[in-house]
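*Asks:* Structure in structure tokens, see below.
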């Protein structure tokens, strides 16, 4: 710096301070800038069909599996029970897998395989008869507007509370029993949003996890498009949706504390 006048040094110092301030302010602006929408492929229609039966048990059927066989899922309070069955002569293999299972529980049945419509119905009927499966009690698990209007934010909060998309309706009670959740930073939200979108799509595309998704939708009596709604809402979701969901849920959380 030798040879520079005091005036020149002051000018350099002022310019440096301006540059540092501009960098700092630019960083703040970048953190608050809106994220670009994700380019998400649409989720395909899996074509599940409901089978009305005399026992009024929820049964969903579709053609799937391979020429070698398919899968049956029983969803009840014990979770998901999978039965992998051959394309032919499936009766004995199915009965062998029923040993020791809980009976007379409310549940839903999903059948996905190469069998004809009549065979798929026969598989479901055998399960209903052997395990004395009961219909689900009358109830509605529809998401209230506070959740459905802020699905990405609600999903973020639910995961902080140890919940998943299937149990979003339990979020107000979960929040009431825990310390206030941490809100995400911009990069943290961007990474989470992308990861969630990819995970939801991968699970939908996989035949094994897709049947479990449908089983949860039926068991929790959620709208058929509930999973797709969560996926679609992630496309242009901003981190502000977390605070909006928390603010919307605040009255319910406060009421739970009282």
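In the numbering used here, the protein residues as written are 3 to 260.
Note that the Cβ used here is the ideal one computed from N, Cα and C, for glycine as well.
State the DSSP-derived secondary structure class of residue 82, mapped to helix, strand or coil.
*Replies:* DSSP places residue 82 in strand when its eight states are reduced to three.
*Asks:* Just to confirm my understanding: we take residue 100, look at its own chain, exclude 5 residues before and 5 after, and list those with CB closer than 6 Å. What are they?
*Replies:* 132, listed in sequence order.
*Asks:* Out of 46, 40 and 38, which has the shortest C-alpha to C-alpha gap to residue 208?
*Replies:* The residue with the shortest Cα to Cα distance from residue 208 is 46.
*Asks:* Here's the rule: buried if 16 or more other CB atoms are within 10 angstroms of the residue's CB, otherwise exposed. What is residue 69?
*Replies:* Exposed, by the Cβ-count rule.
*Asks:* Can you give me the start and stop residues for the alpha helix (DSSP H) that residue 133 sits inside?
*Replies:* First-last of the alpha helix (DSSP H) with residue 133: 119 to 133.
*Asks:* Does DSSP put residue 72 in a helix, a strand or coil?
*Replies:* Note: residue 72 maps to strand in three-state DSSP.
*Asks:* Reducing DSSP to helix, strand and coil, say where residue 172 ends up.
*Replies:* Of the three classes helix, strand and coil, the one that applies to residue 172 here is helix, per DSSP.
*Asks:* Quick check: what's the CA-CA separation for residue 81 versus residue 160?
*Replies:* Looking at the two C-alpha atoms, the distance is approximately 20 Å.
*Asks:* Identify the continuous beta strand (DSSP E) that holds residue 110 and give its terminal residues.
*Replies:* Segment 109 to 115, the beta strand (DSSP E) holding residue 110.
*Asks:* Enumerated in chain order, which unbroken segments of the alpha helix (DSSP H) with a length of 4 residues or greater are wholly contained in the region 212 to 239?
*Replies:* The qualifying runs are 228 to 235.
*Asks:* Which of the three DSSP states is assigned to residue 242 in this structure?
*Replies:* The answer is helix: DSSP assigns residue 242 an H, G or I state.
*Asks:* Name the one or two DSSP bridge partners that residue 182 has.
*Replies:* None, per the DSSP bridge assignment.
*Asks:* Is residue 249 helix, strand or coil by DSSP?
*Replies:* Residue 249: helix per DSSP, three-state reduction.
*Asks:* Please report the straight-line C-alpha distance between residue 93 and residue 75, rounded to a whole angstrom.
*Replies:* Going by the C-alpha atoms only, they are around 15 Å apart.
*Asks:* Span of the beta strand (DSSP E) holding residue 60?
*Replies:* Taken as a continuous stretch (DSSP letters only), the beta strand (DSSP E) holding residue 60 covers 60 to 65.
*Asks:* Of the residues 36, 135 and 182, which one's Cα is nearest the Cα of residue 58?
*Replies:* Residue 58 has its Cα closest to that of 135, out of 36, 135 and 182.
*Asks:* Taking three-plus beta-carbon pairs below 8 Å as touching, is the region 144 to 152 in contact with the region 122 to 130?
*Replies:* Result no; under three Cβ-Cβ pairs closer than 8 Å.
*Asks:* Is the region 48 to 57 close to the region 186 to 204, with three or more CB pairs under 8 Å?
*Replies:* Touching, no.
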